[in-house]
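Engineer: This is the structure I have questions about; it appears just below.
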Amino acid sequence: MKIAFVGKGGSGKTTLSSLFIRHLAAAGTPVVAIDADINQHLGTALGLDEQEAAALPAMGDRLPLIKDYLRGTNPRIASAGTMIKTTPPGEGSRLLQVRENNPVYDACARPVELDGGAVRLMVTGPFTDADLGVACYHSKTGAVELCLNHLMDGPDEYVVVDMTAGSDSFASGMFTRFDITFLVAEPTRRGVSVYRQYKEYARDYGVTLKVVGNKVHGQDDLDFLRTEVGDDLLVTVGHSDWVRAMEKGRPPRFELLEDHNRTALRRLRTAADATYGLRDWERYTRQMVHFHLKNAQSWGNERTGADLAAQVDPGFVLGEGVVTPA
Ligand SMILES: Nc1ncnc2c1ncn2[C@@H]1O[C@H](COP(=O)(O)OP(=O)(O)OP(=O)(O)O)[C@@H](O)[C@H]1O
Ligand SMILES: [Mg+2]
Numbered sequence: 001m002k003i004a005f006v007g008k009g010g011s012g013k014t015t016l017s018s019l020f021i022r023h024l025a026a027a028g029t030p031v032v033a034i035d036a037d038i039n040q041h042l043g044t045a046l047g048l049d050e051q052e053a054a055a056l057p058a059m060g061d062r063l064p065l066i067k068d069y070l071r072g073t074n075p076r077i078a079s080a081g082t083m084i085k086t087t088p089p090g091e092g093s094r095l096l097q098v099r100e101n102n103p104v105y106d107a108c109a110r111p112v113e114l115d116g117g118a119v120r121l122m123v124t125g126p127f128t129d130a131d132l133g134v135a136c137y138h139s140k141t142g143a144v145e146l147c148l149n150h151l152m153d154g155p156d157e158y159v160v161v162d163m164t165a166g167s168d169s170f171a172s173g174m175f176t177r178f179d180i181t182f183l184v185a186e187p188t189r190r191g192v193s194v195y196r197q198y199k200e201y202a203r204d205y206g207v208t209l210k211v212v213g214n215k216v217h218g219q220d221d222l223d224f225l226r227t228e229v230g231d232d233l234l235v236t237v238g239h240s241d242w243v244r245a246m247e248k249g250r251p252p253r254f255e256l257l258e259d260h261n262r263t264a265l266r267r268l269r270t271a272a273d274a275t276y277g278l279r280d281w282e283r284y285t286r287q288m289v290h291f292h293l294k295n296a297q298s299w300g301n302e303r304t305g306a307d308l309a310a311q312v313d314p315g316f317v318l319g320e321g322v323v324t325p326a
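Mapping to UniProt numbering: the sequence shown position 206 is 206, numbers consecutive.
Rendered as structure tokens:
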């Protein structure tokens, strides 16, 4: 299952994604955690100290390796140099799985021990101004998008992405890559305006979007969110002393997380799992082709000097069970 946490800066994306990742790990579930947020804090939210977090390999620095591996023997992709963030897989491409070892994980993922088991953590690396542009060839989130577009994931295994709701993710199609998107919103006008904008973008793409209210104190906050987002409000989280203790560098055992927050995490998982039945690999593949053609035309062809539309393998549908070359 592919799950994104998005929202306004400071809303609690990193906090809630890290709690959700801990919740999955505590149940012994395989997780790949990806930090694609502008402010790279997922590692520390998962308990790494600053030094360990700074030593994590950046996916953005390893794009050539990622592209070369995923390209495999796909004859439609002449070189890693002509592969852009939206280049879709086709016959001969290598696909990724959550539970396997592969050169992409070797280069970009590091294990993080949590109560209950280890997860794999991958980080895009710190963003520069150029990364926030729409047409970015070396885009950091592009590394994530390529991985998602080459991922065959089944139920009971999770990729959780902490992500910025920026123009980059809308132009590239990244926002359509998830089974469910949790939009973290504080009960404020700005918090819900990001929700409205996201909803508007997502409208025509069958994106499952649910709001997770954060820092919700009392009835007035709850009423505000209910009025503003209606049925899209999935659950709310209040101030957490557990989170505060963790921020002080004194993380309690995860089982000591407050009951109401644990209940909220269970509801997130239930909502995510319920989307499995809505999976449509054909639509998923069609959408990546759609965004690839759009990006090819608007900047990719010019940038690479190739006709990137020719990279599309018309007969290919990504899905569980697609055979990938060794
Ligand atoms: N439910 C909560 N209880 C206590 N503290 C919280 C809670 N949610 C968020 N915080 C605190 O609020 C601050 C911002 O949260 P966080 O870093 O998760 O937000 P973010 O959306 O990822 O921000 P950024 O845009 O900077 O990446 C952090 O100090 C975090 O510990
Ligand atoms: Mg963050």
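Virtual Cβ for every residue (Gly too), placed ideally from N, Cα, C.
Shorter than 7 Å, the distance from the beta carbon of N102 to the closest heavy atom of ligand 1, or not?
Structural biologist: N102: no, Cβ never under 7 Å from ligand 1.
Engineer: What does a CB cutoff of less than 8 Å around residue 344 pick up in its chain, not counting 5 residues either side in sequence?
Structural biologist: Outside the shown range of the chain, which is 1 to 326, sits residue 344, and nothing can be said about it.
Engineer: Sorted by chain position, which residues of the same chain lie with C-beta nearer than 6 Å to F254's C-beta, five sequence neighbours on each side aside?
Structural biologist: So the list reads R22, A26, D115, once near-sequence residues are dropped.
Engineer: Output needed for P126: all residues of its chain with C-beta closer than 7 Å, excluding positions within five of it in sequence on either side, in chain order.
Structural biologist: Cβ neighbours of P126 beyond the five flanking positions: Q40.
Engineer: Out of A118, G238, L70, K13, state which residue places its alpha-carbon closest to the alpha-carbon of G28.
Structural biologist: Checking every option, the nearest Cα to that of G28 belongs to A118.
Engineer: DSSP three-state call for G125: helix, strand or coil?
Structural biologist: Note: G125 maps to coil in three-state DSSP.
Engineer: Quick one: is the Cβ of N39 within less than 7 Å of any heavy atom of ligand 2?
Structural biologist: Under cutoff, so the answer is yes.
Engineer: Give me whichever residues DSSP pairs with F5 in a beta bridge.
Structural biologist: Looking at the DSSP assignment, F5 forms a beta bridge with D162, F182.
Engineer: What is the DSSP secondary structure of V119, counted as helix, strand or coil?
Structural biologist: In the structure shown, V119 sits in a strand (DSSP, three-state: E or B).
Engineer: Inspect the beta-carbon positions of D162 and T14 and report whether they are closer than 8 Å.
Structural biologist: For D162 and T14, yes; Cβs fall inside 8 Å.
Engineer: Output the boundary residues of the beta strand (DSSP E) element that contains V212.
Structural biologist: From DSSP, the beta strand (DSSP E) with V212 extends over 209–213.
Engineer: CB Q287 to CB Y205, shorter than 8 Å?
Structural biologist: In contact: Q287 and Y205 (Cβ atoms closer than 8 Å).
Engineer: Candidates T304, Y284, G9: which alpha carbon is nearest P89's?
Structural biologist: P89 has its Cα closest to that of Y284, out of T304, Y284, G9.
Engineer: How is V235 classed by DSSP in three states: helix, strand or coil?
Structural biologist: The answer is strand: DSSP assigns V235 an E or B state.
Engineer: Consult DSSP for I38 and reduce its assignment to one of helix, strand or coil.
Structural biologist: I38: coil per DSSP, three-state reduction.
Engineer: Rounded to the nearest angstrom, what separates W281 and C147 at their Cα positions?
Structural biologist: Going from the Cα of W281 to the Cα of C147 covers about 16 Å.
Engineer: List the endpoints of the continuous alpha helix (DSSP H) containing V144.
Structural biologist: From DSSP, the alpha helix (DSSP H) with V144 extends over 140–149.
Engineer: Verify the CB distance criterion: does F224 have a CB-CB separation below 8 Å to chain C?
Structural biologist: Here there is only one protein chain, and chain C is not present.
Engineer: Can you list, in chain order, the residues of its chain with a C-beta nearer than 7 Å to that of G92? Leave out the 5 residues immediately preceding and following it.
Structural biologist: Only G72, T73, N74, P75, P325 meet the Cβ criterion.
Engineer: For the region 227–245 against the region 301–316, do three or more pairs of beta-carbon atoms, one drawn from each stretch, fall closer than 8 Å, so that the two count as touching?
Structural biologist: Judged by Cβ distances under 8 Å, the region 227–245 makes no contact with the region 301–316, as fewer than three pairs qualify.
Engineer: CB residue 332 to CB L24, shorter than 8 Å?
Structural biologist: No statement about residue 332 is possible, as the shown extent of the chain runs from 1 to 326 and does not include it.
Engineer: Using a threshold of 7 Å, is the CB atom of T263 nearer than that to any non-hydrogen atom of ligand 3?
Structural biologist: Absent from the structure shown: ligand 3. Ligands present: ligand 1 and ligand 2.
Engineer: What number of angstroms, rounded off, separates the C-alpha of S17 from the C-alpha of E52?
Structural biologist: If I take the Cα positions, the gap works out to 19 Å.
Engineer: Taking only the alpha-carbon atoms, compute the straight-line gap between C108 and T208 and give it to the nearest angstrom.
Structural biologist: When rounded, the distance between both Cα atoms is 28 Å.
Engineer: Quick check: what's the CA-CA separation for T304 versus G81?
Structural biologist: Answer to the nearest angstrom: the Cα atoms are 7 Å apart.
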